[in-house]
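Colleague: Numbering (this note's numbering), first residue to last: -14 to 161.
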Ligand SMILES: [Zn+2]
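1) Using 8 angstroms as the threshold, is the C-beta distance between residue 122 and residue 150 below it?
2) On the CB-based measure, 16 or more other CB atoms within 10 Å of its CB, does residue 2 come out buried or exposed?
3) Whose C-alpha, out of 154, 62, 53, 132, is nearest the C-alpha of residue 141?
4) Taking DSSP as the reference, what is the three-state secondary structure of residue 137?
5) Taking just the CA atoms, how far does residue 145 sit from residue 138?
6) Tell me, to the nearest whole angstrom, how far the beta carbon of residue 41 is from that of residue 15; I am working on the premise that it is less than 8 angstroms.
7) Following a CB-centred definition, is residue 18 positioned closer than 7 angstroms to any heavy atom of ligand 1?
8) Between residue 55 and the rest of its own chain, which residues show a CB-CB distance below 8 angstroms, the 5 nearest in sequence each way excluded?
Right, here's the structure in full:
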């Protein structure tokens, strides 16, 4: 069966249209090519929509990362490659983070310094599944101080990102 696209007016086979539960013949009224053009325009023009889409796709990949071993392996490899091919960008992200951390480190007593060190030693000991987390994110003005540190599972740290309202299950939080 061939349908006419309402946008480019070309006739295309049914599979040339995206499926849609409510549409006539179960497909959208404009073809895949036109849809992708519309999506791109929307992506550039509609900030809210773009944000929502980005959030959705981030959640989707985080969920897949957590539950799909192959996807996880692939994405770690991809990240490794990206870092290898973009050494300057990778380093500048790291440098910016280190600068923020340094900026937001208050004067520390010897005891506090040791405590911070201990937090990082714990994650070294526990392995890459655990991260040192700033309770109030550095990007939200949190301090690099032992009172603002905790050890949490890496997956929760990645999900939390810089959202200070993200709730981590109580029994997964480790504090000194
Ligand atoms: Zn079309």
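Glycine is no exception: its CB is placed at the ideal position from the N, C-alpha and C atoms.
Modeller: Checking against the coordinates, here is how it stands:
1) If you check the CB distance, residue 122 and residue 150 do not come in under 8 angstroms.
2) Looking at its Cβ environment, which holds 16 or more other Cβ atoms inside 10 Å, residue 2 is buried.
3) Cα-wise, what sits closest to residue 141 is 154.
4) Looking at residue 137 - three-state DSSP - the assignment turns out to be strand.
5) Distance between the alpha carbons of residue 138 and residue 145 is about 11 angstroms.
6) At roughly 22 angstroms, the Cβ-Cβ gap does not stay under 8 angstroms, so residue 41 and residue 15 are not in contact.
7) Checking every heavy atom of ligand 1 against the Cβ of residue 18, one is found closer than 7 angstroms.
8) For residue 55, where only same-chain residues beyond five positions count, there are no Cβ hits under 8 angstroms.
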